[in-house]
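Take a look at the structure set out below.
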Amino acid sequence: MSEDPFYVAEQSVTIEGTNTLHISMEDGKTVYEKGSLIATVYPDDATEKRIRRWTSSDSSIMKIDPISGIIKAVSTGEAVATVETFEGLTATYTVRVVYDGDIKADDGSILHYEEGTLLKNQFYQENGNTYFLDSNGK
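Under our numbering, the first residue of the sequence shown is numbered 120, with each subsequent residue one higher.
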(Lines of atoms letter the chains of each structure in order from A and count residues from 1; the text may use other names and numbers.)
(Lines give C-alpha, C1' and ligand atoms only; values in the text may rest on other atoms or scores of the structure.)
Protein backbone atom coordinates (compact mmCIF):
# COMPACT_ATOMS: atom_id res chain seq x y z
CA MET A 1 0.00 0.00 0.00
CA SER A 2 1.27 3.43 -0.90
CA GLU A 3 2.09 6.16 1.63
CA ASP A 4 0.77 8.71 -0.88
CA PRO A 5 -2.21 10.50 0.75
CA PHE A 6 -3.87 10.72 -2.68
CA TYR A 7 -3.47 7.01 -3.40
CA VAL A 8 -6.76 5.13 -4.00
CA ALA A 9 -6.49 1.32 -3.76
CA GLU A 10 -8.21 -1.09 -6.14
CA GLN A 11 -11.25 -2.76 -4.60
CA SER A 12 -12.39 -5.12 -7.36
CA VAL A 13 -12.01 -6.10 -10.98
CA THR A 14 -14.70 -7.44 -13.34
CA ILE A 15 -14.69 -8.97 -16.82
CA GLU A 16 -17.19 -8.62 -19.63
CA GLY A 17 -17.14 -9.53 -23.29
CA THR A 18 -17.55 -12.51 -25.60
CA ASN A 19 -18.97 -15.51 -23.73
CA THR A 20 -19.37 -17.87 -26.70
CA LEU A 21 -16.93 -18.46 -29.56
CA HIS A 22 -17.87 -20.44 -32.67
CA ILE A 23 -16.05 -22.92 -34.84
CA SER A 24 -17.59 -23.01 -38.31
CA MET A 25 -16.74 -23.70 -41.95
CA GLU A 26 -16.44 -21.20 -44.74
CA ASP A 27 -15.55 -22.21 -48.30
CA GLY A 28 -14.51 -25.66 -47.05
CA LYS A 29 -12.10 -24.30 -44.42
CA THR A 30 -12.52 -24.35 -40.66
CA VAL A 31 -12.93 -20.88 -39.14
CA TYR A 32 -12.00 -20.29 -35.50
CA GLU A 33 -13.80 -17.21 -34.18
CA LYS A 34 -12.05 -14.47 -32.21
CA GLY A 35 -13.54 -12.26 -29.53
CA SER A 36 -12.47 -9.90 -26.79
CA LEU A 37 -12.65 -9.56 -23.05
CA ILE A 38 -12.49 -6.28 -21.17
CA ALA A 39 -11.47 -5.87 -17.54
CA THR A 40 -12.72 -2.96 -15.45
CA VAL A 41 -11.01 -2.00 -12.20
CA TYR A 42 -13.03 -0.36 -9.41
CA PRO A 43 -13.35 2.16 -7.95
CA ASP A 44 -13.27 4.45 -10.97
CA ASP A 45 -10.72 6.69 -9.26
CA ALA A 46 -8.31 3.87 -8.31
CA THR A 47 -4.73 5.05 -8.67
CA GLU A 48 -3.42 1.83 -10.28
CA LYS A 49 -5.81 0.34 -12.86
CA ARG A 50 -3.37 -1.53 -15.09
CA ILE A 51 -3.80 -5.18 -16.02
CA ARG A 52 -0.81 -7.45 -15.37
CA ARG A 53 -1.93 -10.40 -17.51
CA TRP A 54 -4.73 -12.54 -18.94
CA THR A 55 -4.61 -16.36 -18.82
CA SER A 56 -6.74 -19.26 -20.07
CA SER A 57 -7.50 -22.31 -17.94
CA ASP A 58 -7.26 -24.51 -21.06
CA SER A 59 -5.41 -23.23 -24.12
CA SER A 60 -6.44 -26.36 -26.04
CA ILE A 61 -10.00 -24.90 -26.03
CA MET A 62 -9.41 -21.14 -25.99
CA LYS A 63 -6.26 -19.09 -26.42
CA ILE A 64 -5.99 -15.62 -24.93
CA ASP A 65 -3.53 -12.83 -25.61
CA PRO A 66 -1.89 -12.12 -22.22
CA ILE A 67 -1.85 -8.36 -22.80
CA SER A 68 -4.97 -7.47 -24.83
CA GLY A 69 -7.55 -10.05 -23.68
CA ILE A 70 -8.26 -11.06 -27.29
CA ILE A 71 -9.56 -14.65 -27.28
CA LYS A 72 -9.64 -17.29 -30.04
CA ALA A 73 -11.48 -20.60 -30.33
CA VAL A 74 -9.26 -23.70 -30.61
CA SER A 75 -11.66 -26.62 -29.96
CA THR A 76 -15.08 -27.16 -28.41
CA GLY A 77 -15.58 -27.00 -24.65
CA GLU A 78 -15.37 -24.46 -21.84
CA ALA A 79 -12.38 -22.51 -20.62
CA VAL A 80 -12.03 -19.92 -17.89
CA ALA A 81 -10.27 -16.63 -18.57
CA THR A 82 -8.53 -15.03 -15.60
CA VAL A 83 -7.36 -11.43 -15.40
CA GLU A 84 -4.87 -10.20 -12.80
CA THR A 85 -4.21 -6.57 -11.94
CA PHE A 86 -0.85 -5.12 -10.90
CA GLU A 87 -2.16 -4.92 -7.34
CA GLY A 88 -2.96 -8.66 -7.38
CA LEU A 89 -6.76 -8.66 -7.73
CA THR A 90 -8.22 -11.33 -10.01
CA ALA A 91 -11.49 -12.05 -11.77
CA THR A 92 -12.64 -15.01 -13.87
CA TYR A 93 -14.97 -15.38 -16.84
CA THR A 94 -16.19 -18.60 -18.49
CA VAL A 95 -16.15 -18.86 -22.29
CA ARG A 96 -17.87 -21.64 -24.27
CA VAL A 97 -16.53 -22.76 -27.64
CA VAL A 98 -19.15 -24.45 -29.83
CA TYR A 99 -19.65 -25.65 -33.38
CA ASP A 100 -22.03 -23.54 -35.44
CA GLY A 101 -23.28 -24.21 -38.97
CA ASP A 102 -22.04 -27.00 -41.20
CA ILE A 103 -19.00 -28.90 -39.92
CA LYS A 104 -17.10 -31.59 -41.80
CA ALA A 105 -16.95 -34.84 -39.79
CA ASP A 106 -13.94 -37.16 -39.74
CA ASP A 107 -15.69 -39.48 -42.22
CA GLY A 108 -16.13 -36.59 -44.69
CA SER A 109 -19.86 -36.16 -44.09
CA ILE A 110 -21.32 -32.78 -43.14
CA LEU A 111 -22.87 -32.30 -39.70
CA HIS A 112 -25.23 -29.41 -39.04
CA TYR A 113 -24.92 -27.47 -35.76
CA GLU A 114 -26.84 -24.57 -34.30
CA GLU A 115 -25.05 -22.81 -31.41
CA GLY A 116 -23.32 -26.03 -30.37
CA THR A 117 -26.34 -28.30 -30.70
CA LEU A 118 -26.14 -31.07 -33.31
CA LEU A 119 -29.29 -30.94 -35.41
CA LYS A 120 -30.71 -34.46 -35.72
CA ASN A 121 -33.99 -36.33 -36.20
CA GLN A 122 -35.44 -33.35 -38.01
CA PHE A 123 -35.78 -31.70 -41.38
CA TYR A 124 -33.15 -29.20 -42.45
CA GLN A 125 -33.34 -26.68 -45.30
CA GLU A 126 -30.38 -25.41 -47.25
CA ASN A 127 -30.23 -23.63 -50.60
CA GLY A 128 -33.90 -24.37 -51.29
CA ASN A 129 -33.53 -28.11 -50.65
CA THR A 130 -35.02 -30.03 -47.72
CA TYR A 131 -33.05 -32.82 -46.05
CA PHE A 132 -33.82 -35.15 -43.17
CA LEU A 133 -31.08 -35.34 -40.57
CA ASP A 134 -30.94 -38.77 -38.93
CA SER A 135 -30.02 -39.60 -35.32
CA ASN A 136 -26.33 -39.10 -36.20
CA GLY A 137 -26.98 -35.63 -37.64
CA LYS A 138 -26.27 -36.76 -41.22
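We treat Cβ as the ideally placed atom computed from N, Cα and C, and that holds for glycine.
- A straight line joining the alpha-carbon of residue 200 with that of residue 134 spans about 9 Å.
- Taking a cut-off of 8 Å for Cβ pairs, the stretch 144-164 and the stretch 185-204 touch, as three or more such pairs fall below it.
- Residue 139 and residue 159 have their C-alpha atoms some 20 Å from each other.
- Closest option to residue 161, judged by alpha-carbon separation, among 222, 211, 130: 130.
- Rounded to the nearest whole angstrom, the CA to CA distance from residue 147 to residue 165 is 49 Å.
- Nearest in C-alpha terms to residue 167, of all of 224, 208, 226, is 208.
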